[in-house]
């Protein structure tokens, strides 16, 4: 199973995602440069955390215009698995691959710490190896992580079981404690917490592994 | 061309004799541009002219030191073909004038020092000093400076993608007009990836990369070499503006360009910008450099040669490439969207020759400019001292000390700093094994499988009472922090923050502190591989407390961290090193004296370095053999605060402590005698054996229990509090102070 990790200028969790997948999960991963117009032969794509193009305008606002995002959009349209973490989540909402927006944190400060994350839905290629209702321990590290959408969108997300993760103790003011969501086709997921930072005991948690393992399991069964 | 008048010379903070030396070197009067160039290179900040003579006393080598002082950062060998580069640098003056950008560019500057050597930065720490947050007069400003500095550090480090893994933050009235922002950075690379800042090879192109040059930061180095006056606020334009995104691109591009093999030497443009990088590279390489300013990318039009040479615009590098291979270098920088242009060439004549559209505007022998700044043996007397030797009459002992403990836990120096460090990404790069809040930060090195521990320490309170002893205590504590994490301290970097060296009583602080540092660093085998000196930290004649800060790194095996907090009830609590002793003359430097008594006097705690070394060896052995479940070094606030901090883990485990001592209760609980570590263990017998083998005391204090911290001395209750009550105060104090 081959993962592709997109590298934007300013990505800074690209290497961490690569390390989590290749070293801790044991699957090949390759970096995809932001100017690339194709994704090559990867089976799943990760949009990593960081500050793409500096994010001086708004998180992800420039990245959505990059050549590689056009390729990611095609890949998603064809049913490919796309995981956006932190800045990757911001890029996905800016690109309208996911609904809503990510606003400045409630307390207007950057927050880096481990949080509890309740698994809301296991009916997804990203969470099918997880246990529903289980609280994962994953780190967050963001200044703009407050999930916002209008009520109709929020209702729709909930009705369609597309809220994958909720904060156990909301750190950033996200509406309805939302930490991660799916697109309608369930092949694109965005989340603010960092699963790649919780993939071996030395990192203080291995709870992020299940997300990558779910993706692998999905891809393996899809191939069969 | 303007003529050089005595007023012009004075306004460049050059003395008459310094000016005469310049005339001697040039064999003529300098041009205006040349005067500017000399003034920044010979500023205190760049030339260390007041401290250089004494810095020579510091130990700088060991078998692990690959690069000592004199380059952009020190380098030590960590085995398996890998090395680390690390250094600390201050950005005190800019952070006072413009806290956010001052601190942000402080981070940017030290990161460039690390990756200019070829190392990828993997950790940052900060030592911060501010005026008291609740001071009726200066509190509002102090709070504004703190929040600005913290968000500046967060802004830069988080975006760049380097974890801020630790640091310290201390409050004292002497920092109200002179906050300190010292930033430490550490990077990793292979031995064969080390780049030095040397210009070699006649005819090789000199290439400028990164941000365009603007008018920002002109004379920043000179500003950092003068006291603050009422006019200093007008110097705001002297503070540079940082762009962490550009720096991130510069990092990736530089490391990639270095891999081409076409780069001969490289140096970042920090203080004194283009001036410093050109003349230092030429001087170190024994060559000259000729540049034409018309090639320098400029942000605004109409800049004079003087302004271009003295600009401190951020995120710029100067490199020398192999002739004929420029395109390989340009290609990499183009890929990352960065300006890279040849601005000149390396010459053989040893001259820094600056042209502006072909016309020579400066022509200075590079070596004398970079290396022959005047060195002063400034006179010194007895160290400046605000506080009395004599102790005041202490109030009658209170048997119950719960409220004193609470007061200490709520004080700025001791309370939890998570409000600060949770704003820093301390996990990015997934190497952080022990992050902020512990005794030492620990990161693993993925490439070698080993780990690096690091600690920043400073103690202005101790140094104010005795610069020599205070500095030695600081070295001891820094090494003890590392040892408590299980690491062997191997090398150090120093940041010497003091007042005006032209005052003999301040110069005396500097000399005594350096001598104390030299003695202790030699003893603990932690040579100083580089650092920074920040003088003139005075406002309206009021100096800061003498504030040397030390960053020490240690080597250790990679393992899950031990942690400082108790994990389970029913464990034996042991005070390794013993209760120590304290008389009243050594109590005036404690946090108890500062916070509870609002006084200071006498001398800092007494240090027995031999004993300290044995305690450190013992705790390292205990940690590495996994004989303890937690270990926390005793420092600010003494035994009682340490026990409280040990109780603040997620498990809510406190301790039931029974002491039997003749000491006055306040001394017993709150003296800050060094060489002590509190640990918890299921196997007290093994700890006793290790302690005996190292000829140190190991006092069994009691056992861990759920939910309470109880301390009795010979049956008398001194403290009996719910852990949660103590913890709530400790956890919320900083936010409470900030919103005062």
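Protein chains in written order, with our numbering: chain A, 1 to 224; chain B, 1001 to 1740.
Cβ coordinates follow ideal geometry from the N, Cα and C atoms, glycine included.
Check each candidate in the options and name the one with the smallest Cα separation from residue i.
i               : options                               : result
residue 1465(B) : 1243(B), 1587(B), 1523(B) and 1227(B) : 1587(B)
residue 1527(B) : 1493(B), 1503(B), 1547(B) and 1513(B) : 1493(B)
residue 1462(B) : 1619(B), 1389(B), 1422(B) and 1393(B) : 1389(B)
residue 1619(B) : 1574(B), 1166(B), 1085(B) and 1517(B) : 1574(B)
residue 1081(B) : 1269(B), 1241(B) and 1064(B)          : 1064(B)
residue 105(A)  : 126(A), 146(A), 11(A) and 65(A)       : 146(A)
residue 1661(B) : 1652(B), 1616(B), 1733(B) and 1578(B) : 1578(B)
residue 1161(B) : 1201(B), 1249(B), 1654(B) and 1241(B) : 1249(B)
residue 1284(B) : 1201(B), 1009(B), 1547(B) and 1634(B) : 1201(B)
Rounding to the nearest angstrom, what Cα-Cα distance links residue i and residue j in this structure?
i               : j               : result
residue 1217(B) : residue 1006(B) : 24 angstroms
residue 1731(B) : residue 1090(B) : 28 angstroms
residue 159(A)  : residue 17(A)   : 31 angstroms
residue 1549(B) : residue 1470(B) : 11 angstroms
residue 13(A)   : residue 1427(B) : 10 angstroms
residue 1500(B) : residue 1537(B) : 7 angstroms
residue 1001(B) : residue 1051(B) : Confidence is the limiting factor: at residue 1001(B) the pLDDT is only 49, short of 50, which leaves the residue's position unreliable, though a coordinate-based value still follows. Their Cα atoms are separated by approximately 35 angstroms.
residue 1632(B) : residue 1644(B) : 11 angstroms
residue 1482(B) : residue 1553(B) : 8 angstroms
residue 1664(B) : residue 1610(B) : 27 angstroms
residue 1335(B) : residue 1209(B) : 13 angstroms
residue 1712(B) : residue 1721(B) : 12 angstroms
residue 1417(B) : residue 86(A)   : 25 angstroms
residue 1413(B) : residue 1626(B) : 31 angstroms
residue 1671(B) : residue 1719(B) : 16 angstroms
residue 1397(B) : residue 1690(B) : 36 angstroms
residue 1337(B) : residue 1541(B) : 47 angstroms
residue 1394(B) : residue 1594(B) : 13 angstroms
residue 1423(B) : residue 1151(B) : 7 angstroms
residue 1509(B) : residue 1473(B) : 15 angstroms
residue 62(A)   : residue 35(A)   : 13 angstroms
residue 1088(B) : residue 1411(B) : 27 angstroms
residue 1157(B) : residue 1699(B) : 43 angstroms
Output the boundary residues of the alpha helix (DSSP H) element that contains residue i.
i               : result
residue 1507(B) : 1504–1523
residue 1046(B) : 1044–1047
residue 1730(B) : 1723–1738
residue 1371(B) : 1366–1371
residue 1093(B) : 1092–1097
residue 167(A)  : It is not in any alpha helix (DSSP H) - residue 167(A) instead sits in the beta strand (DSSP E) that spans 163–167.
residue 1040(B) : 1032–1041
residue 1160(B) : 1139–1160
Would you call residue i buried or exposed, if buried means 16 or more other Cβ atoms sit within 10 Å of its Cβ?
i               : result
residue 224(A)  : Unreliable placement is indicated for residue 224(A), whose pLDDT of 35 sits below 50; the coordinate value is still reported in the next sentence. Burial call: exposed.
residue 1020(B) : exposed
residue 41(A)   : exposed
residue 1392(B) : exposed
residue 994(B)  : The question about residue 994(B) has no answer here: the residues shown for chain B are numbered 1001 through 1740.
residue 1429(B) : buried
residue 1382(B) : exposed
residue 1729(B) : buried
residue 1057(B) : exposed
residue 1126(B) : buried
residue 1467(B) : buried
residue 1727(B) : buried
residue 57(A)   : exposed
Where does the unbroken beta strand (DSSP E) through residue i begin, and where does it stop?
i               : result
residue 1477(B) : That residue, residue 1477(B), is in no beta strand (DSSP E); its alpha helix (DSSP H) goes 1467–1484.
residue 1657(B) : 1653–1659
residue 1077(B) : 1074–1079
residue 112(A)  : 111–119
residue 1561(B) : Premise fails: residue 1561(B) is in no beta strand (DSSP E) and is neither H nor E.
residue 25(A)   : Element bounds for residue 25(A): n/a, residue is neither H nor E.
residue 1129(B) : 1120–1130
Checklist entry - What are the start and end residues of each continuous beta strand (DSSP E) run of 3 or more residues lying completely inside the region 1239–1285 of chain B, in chain order? => result 1263–1268
Checklist entry - Quick one: complete beta strand (DSSP E) runs, 3+ long, within the region 39–87 of chain A? => result 44–47 and 81–85
Checklist entry - What runs of the beta strand (DSSP E), each 3 residues or longer, lie entirely inside the region 183–210 of chain A? => result 188–191
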